[in-house]
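Chains as they are written, first to last, in our numbering: chain A, 4 to 265; chain B, 4 to 265.
The beta-carbon is built from N, C-alpha and C at its ideal position, and this holds for glycine as well.
Since the structure comes first, as structure tokens, the remarks are kept for the end.
There are 2 protein chains.
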Amino acid sequence: MLRVNAPPGRGRAHGPREGGQTVRAVAGTSSLTEQVVEAVREAIHSGELRPGELYSVYRLAGQLNVSRTPVREAMLRLAEAGLVRFERSRGFRVLRRDPREIAEVFHLRLLLEVPATRRATRHAGPGLARALHEELEAMRAAAADHDEPRFMRHDRAFHDAILAAGANRRLAEVVAGLRDATVTLGASTVDRSRSLADVAAEHEPILAAVLAGDADAAATAMRAHVAHTGELLVAQAAAENGRPADPADIALVHEALNESTT
Amino acid sequence: MLRVNAPPGRGRAHGPREGGQTVRAVAGTSSLTEQVVEAVREAIHSGELRPGELYSVYRLAGQLNVSRTPVREAMLRLAEAGLVRFERSRGFRVLRRDPREIAEVFHLRLLLEVPATRRATRHAGPGLARALHEELEAMRAAAADHDEPRFMRHDRAFHDAILAAGANRRLAEVVAGLRDATVTLGASTVDRSRSLADVAAEHEPILAAVLAGDADAAATAMRAHVAHTGELLVAQAAAENGRPADPADIALVHEALNESTT
DNA sequence: ACCTGGCATGTAGCATGCTGCGTGTCAACG
DNA sequence: CGTTGACACGCAGCATGCTACATGCCAGGT
């Protein structure tokens, strides 16, 4: 129903509020704008907001029961992230899921995340190994419960832990942004052809290599994992639109066979 | 004086406007918000807005003679780009120029721009070579005139042309964002130790390799150029803050010795 | 039947009012 | 002289009024 997190918790009550249940800033995430960003992300993810369709800040604000300002700011942020596009005096459009776009994102992720994995392995302390182990276990548990959201959280945390250890905050932020883009674009990040357990299994070689301190092996394992995921998502996106997956897109994903050394 | 582009040209006249010259949307760039973004970028670049200082949307809006809304939106975008940081109920602060940050940006640029150069060379048509040649000539001319802004524009165009030919729009956007960050952070992107002519000369090997169709050579030349620039900027930033350049930061820039193949 | 022009409708974008909150200040008290 | 507490001030953030503009629709003309 496209709602923004609205616990009874009191927050700042601002300008006049006529009726209906009010939506306030909640302790954890503060800003209403951020909540709207999340709500819209989820709405796109769940298919409630469909690509190609025209929407308006006006109506969306009404549905969410917040004013237009935070909605507008949220949409501007999403527009910058490439998820929607404003059309002058018409509204904004949720962009169609383009296999090419996904291929580009994974091309980038490989370019960044593989070297980051190498760096992380090289500089890994005991904390990293433990964190990765925990996240992997959590992924397995979530897979057993078929709890996809929880699974995704830990999958994400696994990658984030490696990125954080890679000692380049900017890189971590960029990759996080890229991942957000695909998570929102992909109706289901875990597509039909892989079970959650399979995805979890793909992380094992990465953890093993990190534990062994073998940077090259870790990088290779990460590359295999990300490239595999990218290839599947490209194919999935292609299947949703035109039928066949463009070989050029698949090639783009796999083209990032970079070897980085220090 | 921190102004936003305000030609006499008429545009949409909105809400009540008391006095003073009005600032309107101009044909070229439309949105006031964007104009404010540019104005603030330049103000930071020129040192008019100093790092560490506290500013407020309120006052800035007054100085620019626009309302708070576009200023706020502009600052939010800059905050996302990492140039400023909002402090709750206090204002926003222009972030101090951190050598580490610059090193990270160049680490990223190397990771992305070197493979992109390889790709571009491989897929280069005659248009690319011509465009690069033109930009390089324009850079030389601007260097002769000591016209730094014009030089920067063509330098940027040179890199953009390569990125565009790299056939990954997303990558081009990310790199453009990274460059914007450093351009704004660096008081002067062309630092004291290199003349404009020297910088132009660094682009020659890149063009030559692209002309020759030698992808590896082009990539190597691009790496040398970007790494060199990064190293100088890191040193310059370090000199402005604490005295010595942290070897770790320099190392970070040079660590991106990646070799990518197809 | 086919243009054509004016008008109603809905929109993004800007201006501005309003509120709770963090912070500095200064006075009263120990 | 040090400590504390109330108060004023300025801020970000949200709500909302307002305007120009793009588009679709329908009437009137050809």
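Leaving out five residues before and five after residue i in sequence, what residues of the same chain have Cβ atoms less than 7 angstroms from its Cβ?
{"i": "glutamate 234 of chain B", "result": "Ile253, Val256"}
{"i": "glutamate 262 of chain A", "result": "Low confidence applies to glutamate 262 of chain A: its pLDDT is 47, below 50, so where it sits in the model is not reliable, and the reading given next is rough at best. Around glutamate 262 of chain A: no qualifying Cβ."}
{"i": "glutamate 90 of chain B", "result": "Arg96"}
{"i": "valine 74 of chain B", "result": "Val39, Val60, Leu63, Ala64, Leu67"}
{"i": "proline 54 of chain A", "result": "Val97, Leu98, Arg99, Arg100"}
{"i": "valine 178 of chain A", "result": "Arg112, Leu115, Glu116, Leu166"}
{"i": "arginine 88 of chain B", "result": "Ala82, Phe95, Arg96, Leu98"}
{"i": "arginine 153 of chain A", "result": "Ala145"}
{"i": "arginine 44 of chain B", "result": "Thr187"}
Leaving out five residues before and five after residue i in sequence, what residues of the same chain have Cβ atoms less than 8 angstroms from its Cβ?
{"i": "glutamate 56 of chain B", "result": "Arg96, Val97"}
{"i": "alanine 84 of chain A", "result": "Gly180, Asp183, Ala184"}
{"i": "leucine 131 of chain B", "result": "Ala123, Ala164, Ile165, Ala168, Val213"}
{"i": "arginine 71 of chain A", "result": "Val60, Tyr61, Ala64"}
Have a look at the options and flag the residue whose alpha-carbon is nearest the alpha-carbon of residue i.
{"i": "leucine 52 of chain A", "options": "A:Pro250, A:Thr232, A:Thr187, A:Leu214", "result": "A:Thr187"}
{"i": "serine 198 of chain A", "options": "A:Leu210, A:His157, A:Ala147, A:Val39", "result": "A:Ala147"}
{"i": "histidine 228 of chain B", "options": "B:Val60, B:Ala203, B:Pro247", "result": "B:Ala203"}
{"i": "tyrosine 58 of chain B", "options": "B:Glu104, B:Arg93, B:Leu67, B:Glu37", "result": "B:Arg93"}
{"i": "arginine 226 of chain B", "options": "B:Thr120, B:Val43, B:Thr72", "result": "B:Thr120"}
{"i": "alanine 230 of chain B", "options": "B:Pro247, B:Ile209, B:Val87, B:Glu258", "result": "B:Glu258"}
{"i": "alanine 200 of chain A", "options": "A:His149, A:Arg156, A:Thr232", "result": "A:His149"}
{"i": "alanine 248 of chain B", "options": "B:Glu41, B:Ser70, B:Arg103, B:Thr72", "result": "B:Arg103"}
{"i": "leucine 210 of chain A", "options": "A:Pro250, A:Glu137, A:Thr232, A:Arg153", "result": "A:Glu137"}
{"i": "valine 69 of chain B", "options": "B:Ser34, B:Arg133, B:Gly50", "result": "B:Ser34"}
Could you confirm whether any beta carbon from chain B is found closer than 8 angstroms to the beta carbon of residue i?
{"i": "valine 108 of chain A", "result": "yes"}
{"i": "proline 250 of chain A", "result": "no"}
{"i": "arginine 100 of chain A", "result": "no"}
{"i": "valine 256 of chain A", "result": "no"}
{"i": "asparagine 171 of chain A", "result": "yes"}
{"i": "glutamate 76 of chain A", "result": "yes"}
{"i": "proline 54 of chain A", "result": "no"}
Give every residue of the same chain whose Cβ lies closer than 6 angstroms to the Cβ of residue i, excluding the five residues on either side of it in the sequence, and list them in chain order.
{"i": "glycine 31 of chain B", "result": "Bear in mind that the predicted position of glycine 31 of chain B carries a pLDDT of just 47, short of 50, making it too unreliable to give a figure here."}
{"i": "alanine 106 of chain A", "result": "Val237, Asp252, Leu255, Val256"}
{"i": "alanine 123 of chain A", "result": "Ile165, Ala168, Gly169"}
{"i": "histidine 48 of chain A", "result": "Thr187"}
{"i": "threonine 36 of chain B", "result": "Pro73, Glu76, Ala77"}
{"i": "alanine 267 of chain A", "result": "Since the displayed chain A opens at 4 and closes at 265, residue 267 of chain A lies outside it and no answer follows."}
{"i": "glutamate 205 of chain B", "result": "His228"}
{"i": "alanine 134 of chain B", "result": "Ala164"}
Could you tell me if residue i is buried or exposed, where buried requires 16 or more neighbouring beta carbons within 10 angstroms of its beta carbon?
{"i": "proline 118 of chain B", "result": "buried"}
{"i": "glutamate 207 of chain A", "result": "exposed"}
{"i": "alanine 46 of chain A", "result": "buried"}
{"i": "aspartate 158 of chain A", "result": "buried"}
{"i": "histidine 162 of chain B", "result": "buried"}
{"i": "threonine 264 of chain A", "result": "Summary for threonine 264 of chain A: the model assigns pLDDT 43, below 50, so the residue's position carries little reliability; its value from the coordinates is reported in the next sentence. Answer is exposed; the Cβ neighbour count stays below 16."}
Can you confirm whether residue i, when its beta carbon is compared against all beta carbons of chain A, has any partner nearer than 8 angstroms?
{"i": "leucine 114 of chain B", "result": "yes"}
{"i": "valine 60 of chain B", "result": "no"}
{"i": "valine 177 of chain B", "result": "yes"}
{"i": "proline 208 of chain B", "result": "no"}
{"i": "proline 118 of chain B", "result": "yes"}
{"i": "leucine 86 of chain B", "result": "no"}
{"i": "leucine 188 of chain B", "result": "no"}
{"i": "leucine 235 of chain B", "result": "no"}
{"i": "leucine 166 of chain B", "result": "no"}
{"i": "leucine 79 of chain B", "result": "yes"}
{"i": "leucine 111 of chain B", "result": "yes"}
{"i": "leucine 174 of chain B", "result": "yes"}
Is residue i near the ligand SAM - that is, is its Cβ less than 7 angstroms away from at least one heavy atom of it?
{"i": "arginine 133 of chain A", "result": "Because no ligand of any kind appears in the structure shown, any question about the ligand SAM cannot be addressed here."}
Whether or not the segment 70-80 of chain B and the segment 219-227 of chain B are in contact is what I'm after, with contact meaning three or more pairs of Cβ atoms, one per stretch, closer than 8 angstroms; do they touch?
no
Is there contact between the segment 208-217 of chain B and the segment 236-243 of chain B, where contact requires at least three CB pairs shorter than 8 angstroms?
no
Taking 8 angstroms as the cut-off, does the segment 171-187 of chain A touch the segment 127-136 of chain A (at least 3 CB pairs, one atom from each stretch)?
no
With a cut-off of 8 angstroms, do at least 3 Cβ pairs link the segment 99-116 of chain B to the segment 132-150 of chain B?
no
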